[in-house]
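Note sheet for the following structure.
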Amino acid sequence: MSRSPTDVIRQSPMSVYQYAIIALCVLSYASDGVDVVTLSYAAPALMKEWGISAETFGLAYTATPVGIAVGSFFLSPLADKVGRRTLTLWLLGSLVIMLFLTAVSSSLLMLVTLRLLTGVSLGALVVCLNVTVSEFSNEERSNLLVGILHTGYSAGGMVCGALAALLLEPLGWRALFFAAALLSVVSFVLSLFVLAESPMYLVARRPANALQRLNAIFRRMNKPEFDSLPPAPETVAGGRKGRTIIPRALWFGTGLLCLAGFVFTVSGGFMASWRPKLLDMAQMTMTWNGIAGVCTHGAGIFAHLFVGALARKVGERKIAVIFLIGMGLAFTLLGMVPDGAIVPLIVASTLSGFFNVGAFTAIILVTLNYYDASVRSAGLGIMLGCSRVGGIVGPLLGGFAIGAGFGRFWTLFLFAVILAIPVVAAIYARSRATGAPVPAHA
Numbered sequence: 001m002s003r004s005p006t007d008v009i010r011q012s013p014m015s016v017y018q019y020a021i022i023a024l025c026v027l028s029y030a031s032d033g034v035d036v037v038t039l040s041y042a043a044p045a046l047m048k049e050w051g052i053s054a055e056t057f058g059l060a061y062t063a064t065p066v067g068i069a070v071g072s073f074f075l076s077p078l079a080d081k082v083g084r085r086t087l088t089l090w091l092l093g094s095l096v097i098m099l100f101l102t103a104v105s106s107s108l109l110m111l112v113t114l115r116l117l118t119g120v121s122l123g124a125l126v127v128c129l130n131v132t133v134s135e136f137s138n139e140e141r142s143n144l145l146v147g148i149l150h151t152g153y154s155a156g157g158m159v160c161g162a163l164a165a166l167l168l169e170p171l172g173w174r175a176l177f178f179a180a181a182l183l184s185v186v187s188f189v190l191s192l193f194v195l196a197e198s199p200m201y202l203v204a205r206r207p208a209n210a211l212q213r214l215n216a217i218f219r220r221m222n223k224p225e226f227d228s229l230p231p232a233p234e235t236v237a238g239g240r241k242g243r244t245i246i247p248r249a250l251w252f253g254t255g256l257l258c259l260a261g262f263v264f265t266v267s268g269g270f271m272a273s274w275r276p277k278l279l280d281m282a283q284m285t286m287t288w289n290g291i292a293g294v295c296t297h298g299a300g301i302f303a304h305l306f307v308g309a310l311a312r313k314v315g316e317r318k319i320a321v322i323f324l325i326g327m328g329l330a331f332t333l334l335g336m337v338p339d340g341a342i343v344p345l346i347v348a349s350t351l352s353g354f355f356n357v358g359a360f361t362a363i364i365l366v367t368l369n370y371y372d373a374s375v376r377s378a379g380l381g382i383m384l385g386c387s388r389v390g391g392i393v394g395p396l397l398g399g400f401a402i403g404a405g406f407g408r409f410w411t412l413f414l415f416a417v418i419l420a421i422p423v424v425a426a427i428y429a430r431s432r433a434t435g436a437p438v439p440a441h442a
């Protein structure tokens, strides 16, 4: 067969087995959503039991995002060396262990350490799941399926809320972590039997028995097998295999993508943390504030699907620019709505959630399509690592702005204006050297 595995997968209809892999990735992402927000629900009971102040307990909250950034930066590139499936299984297994240990933790130091390590695994796992979905999807449905993947995280948060309502009062906070661990066990066991190695990885890295493994995967996907292992993709001009994680020819674009991810999440992280306070500043009661939160998160789920469905027709960079601009306008609108105007405030909050989440999905799609299979996990991991750092910086800057008395409008306008930076970065990130990487799906 003359065509590469990438060509076959991109140009042929999706098989049942491919959809099973996508569904498994969504389930694993939902388990991640449960893992991340579990501490938020357990915190009140845990602080009361241990007699810990909110200021001190903040260390546990900070540990997870710091760990996620570390995992994205330093652990996710291993997927390009040892394989997506291998690293995913190790990460899911480690999450099971960390969650069970968290359920029996007895000190703040132990809790902070475990949440840091949990974050490291989560940061790398998110990269593996995105890359796996993109490399097992055909050209027609790939962007939509990546969007569906990200709905899993939101669904996981909803599942965790339901578990908290059922378990916290009768059984205590430890039961919540045991339940989260059991969900990760399900994801691990299913991945052990269902998840396959990426064909793109097998061709790019050529591990032992690569041809036999490649043909076994293609048999399960009901696609024609290969008589010999296809040629490995050529190294991008300027890159030196084994010397740098990202080929030198892609450094400029990688820097722009990292800048886009960082600045975007400074604004997005600010809104995620301070939206309830901003609505409170607009004289909205907590009841209406809660309703606005439901609408905002619901719009975010829709945004994942909307961007995934349209990115194929519009183009990943174009839709990223559109949603980043829309995000800035929605932030500004939320600042301009008069105090006490309940319905307009809910509408503006919902729009901000829609464009915020949609822009995040679009930036991920841009990044996935920038790299070839040999460095795709590393490239996405580095971008998401920068993004996680922005998610730590944004809430801090928001707190300073609000504490300094900037007011609702000027605070939101400040975080809207800086979105011009990722807009420009997304536009110019198309720069590539001769011998451009094969996109994951575009």
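For the sequence shown, my numbering assigns the number 1 to the initial residue and increments by one for each residue that follows.
C-beta atoms are modelled at their ideal positions from N, C-alpha and C, and glycine is treated no differently.
Requested in this report: Can you have a look at residue 5 and say buried or exposed, based on whether 16 or more other CB atoms are within 10 angstroms of its CB?
Outcome: buried
Report task. Report the rounded CA-to-CA distance for residue 224 versus residue 214, giving the unit in angstroms. Result -> 11 Å
**Report entry** Sufficient close CB pairs (3 or more, under 8 Å) joining the stretch 348-358 to the stretch 302-313
**Finding:** yes
Query raised in the report: By how many angstroms is the C-alpha of residue 252 removed from the C-alpha of residue 389?
Result: 20 Å
**Report entry** Contact check, residue 36 vs residue 153, beta carbons under 9 Å
**Finding:** yes
Query raised in the report: Between the beta-carbon of residue 308 and the beta-carbon of residue 148, is there less than 9 Å?
Result: yes
Query raised in the report: For residue 425, which of 190, 320, 342, 191 has the nearest alpha-carbon?
Result: 320
Query - Pairwise C-alpha distance: residue 231 and residue 395 - result: 47 Å
Query raised in the report: What are the boundary residues of the alpha helix (DSSP H) that includes residue 212?
Result: 210-220
Query raised in the report: Over what stretch of residues does the alpha helix (DSSP H) that includes residue 285 continue unbroken?
Result: Per DSSP, residue 285 belongs to no alpha helix (DSSP H) and is neither H nor E.
Requested in this report: Could you check which residue in 263, 329, 401 has the C-alpha nearest to that of residue 387?
Outcome: 263
Query raised in the report: Can you tell me the Cα-Cα spacing of residue 9 and residue 190, whole angstroms?
Result: 23 Å
Requested in this report: Would you kindly work out how many angstroms separate the C-alpha atoms of residue 268 and residue 287, rounded to a whole number?
Outcome: 23 Å
Report task. Hey, could you find the ends of the alpha helix (DSSP H) residue 482 is sitting in? Result -> Any question about residue 482 goes unanswered here, given that the chain covers just 1 to 442.
**Report entry** Meets three-Cβ-pair contact criterion under 8 Å: the stretch 119-132 and the stretch 70-87
**Finding:** yes
Report task. State the Cα-Cα distance for the pair residue 98 and residue 112, rounded to the nearest angstrom. Result -> 11 Å
Query raised in the report: By the 10 Å Cβ neighbour count, where 16 or more other Cβ atoms means buried, how is residue 165 classified, buried or exposed?
Result: exposed
Query raised in the report: Where residue 361 and residue 368 are concerned, what is the direct C-alpha to C-alpha distance, given to the nearest angstrom?
Result: 11 Å
Query - Contained beta strand (DSSP E) runs [length at least 3] in the stretch 287-352, N- to C-terminal order - result: none
Report task. Measure the CB-CB distance between residue 83 and residue 174 and report whether it falls below 9 Å. Result -> no
**Report entry** Runs of alpha helix (DSSP H) wholly within the stretch 146-198 (minimum 4 residues, chain order)
**Finding:** 173-194
Requested in this report: Evaluate the contact criterion for the stretch 373-380 versus the stretch 339-351: three or more CB pairs, one atom per stretch, below 8 Å.
Outcome: no
Requested in this report: Can you tell me the Cβ-Cβ gap for residue 311 and residue 143, rounded? I've got them flagged as a contact below 8 Å.
Outcome: 4 Å
Query raised in the report: Is it buried or exposed for residue 28, if we count other Cβ within 10 angstroms and need 16 for buried?
Result: buried
Query - For residue 217 and residue 349, the rounded distance between their alpha carbons - result: 45 Å
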